[in-house]
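Enquirer: If you scroll down you'll find the structure; I have some questions about it.
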Amino acid sequence: MKPIMELDNVEKTIYNDDATLNILDGINLKIYPQDFIVVLGTNGAGKSTLLDAITGANKVTAGKILLNDKDITTENLAKRAQFISRVYQDPKLGTSPRMTVAENLLLAERRGLPRRLRSRRLKEHMPEFKEFISSMPTLDNRLNTFTEKLSGGQRQTLSFLMAIIQKPELLLLDEHTAALDPQTSADLMAATDRTIKSKKLTCLMVTHNLSEAVAYGNRLIVLKKGKIILDLNTEQKAKLKEEDLLEYF
């Protein structure tokens, strides 16, 4: 099976007067179709920088990034957004507060398409959007609600739905449940897992949560000082316990 994405000896280096710091230090990673990879690591391990490198938000210093065998290392953020979606930790990022839930979904559905003046045809999309959010009970009957009126959990659920509406080649989740209360976080994480499996998405999820790292995904990688120090497959991960991961922190 060919990987959807391959990171080949990727480095991100910061230079200053005192020292040279490799935030990413020789990252080699292959992401295969329908992989759900959990990325674990302490603060400063390079987790968010890894996602920035994949999306193009932060250019790498060395190495290559391949998407379906195509070198995208120098492609910009906008171009990669046609194939890669990201959900951030902050529920306020990724949505437009002065637009309704339906309007946000319409905007996400047209991501990467040519911009031109025409009727948005929002009413025609309403049945489609109603069906689309049906698996997320927290957004029931809220298609016409302005996003700024939603709770943090509802807004993060909307961000997740916007990220997957076009079924991206790769979905990136950047601690997307960390800013929520425990129950809302657990509910969204369970819904995330169901959706990834049912829609056969390929996903890379960053987390600090040891229980999430053990419970979800078919692979687990641990980052430390910009290096991948652990990469567990499905069988290895199934034998893992939370206490096994403490030695890496």
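Quick note: the sequence shown uses numbering that gives the first Met the number 0, first residue 0, plus one each step. Beta carbons are placed, not taken as given, at the ideal position from N, Cα and C, and that holds for glycine. Computed from a predicted model, the values in this text were never measured in an experiment.
#1: Shortest alpha-carbon distance to alanine 189 belongs to which of Glu211, Glu168, Ile163, Phe131?
#2: Which two residues bound the contiguous beta strand (DSSP E) that contains leucine 231?
#3: For aspartate 68, is the classification buried or exposed, using 16 other Cβ atoms within 10 angstroms of its Cβ as the cut-off for buried?
#4: Mind pulling the beta strand (DSSP E) runs of 3 or more residues that sit fully within the segment 166 to 190?
#5: Between the Cα of alanine 178 and those of Lys199, Lys198, Asp192, His207, spot the shortest distance and give me the residue it belongs to.
#6: Hey, could you find the ends of the alpha helix (DSSP H) glutamate 123 is sitting in?
#7: For the segment 73 to 93 against the segment 26 to 39, do three or more pairs of beta-carbon atoms, one drawn from each stretch, fall closer than 8 Å, so that the two count as touching?
#8: Please report how far the alpha carbon of serine 246 lies from the alpha carbon of asparagine 27, in whole angstroms.
#9: Tell me where the beta strand (DSSP E) around asparagine 253 begins and ends.
#10: Report the option in His124, Ser134, Phe159 whose CA atom is closest to the CA atom of asparagine 143.
#11: Could you spell out the range, first to last residue, of the beta strand (DSSP E) harbouring aspartate 7?
#12: Where are the alpha helix (DSSP H) runs, 4 residues long or more, that stay fully inside the segment 61 to 89, in chain order?
#13: Nearest to lysine 199 by CA position, among Asp243, Arg79, Ile22, Glu168, is which residue?
#14: Over the uninterrupted alpha helix (DSSP H) stretch that includes methionine 161, give me the two end residues.
#15: Could you name the residues of the same chain whose beta carbon sits closer than 7 Å to that of glycine 152, not counting the 5 residues immediately before and after it, in chain order?
#16: Measuring only the C-alpha atoms, how far is tyrosine 129 from asparagine 103?
#17: Applying the 10 Å Cβ sphere with the 16-neighbour rule, what's the burial state of isoleucine 227?
Expert: In short:
#1: Checked all of Glu211, Glu168, Ile163, Phe131; the closest Cα to alanine 189 is Glu211.
#2: 226 to 231
#3: With fewer than 16 neighbouring CB atoms inside 10 Å of its own CB, aspartate 68 falls in the exposed class.
#4: 169 to 173
#5: His207
#6: 121 to 131
#7: no
#8: Residue identity differs from the one stated: residue 246 is glutamate in this sequence, not serine. Each residue's Cα considered, the two are about 22 Å apart.
#9: It is not possible to answer for residue 253, since the shown part of the chain is limited to 0 through 248.
#10: Of the candidates His124, Ser134, Phe159, His124 places its Cα closest to the Cα of asparagine 143.
#11: From DSSP, the beta strand (DSSP E) with aspartate 7 extends over 4 to 14.
#12: 76 to 79
#13: Glu168
#14: 151 to 163
#15: Thr137, Leu179, Thr183, Leu187
#16: It should be pointed out that residue 129 corresponds to lysine in this sequence rather than to tyrosine. Rounded to whole angstroms, lysine 129 to asparagine 103 spans 13 Å at the Cα level.
#17: With 16 or more Cβ atoms within 10 Å of its Cβ, isoleucine 227 is classed as buried.
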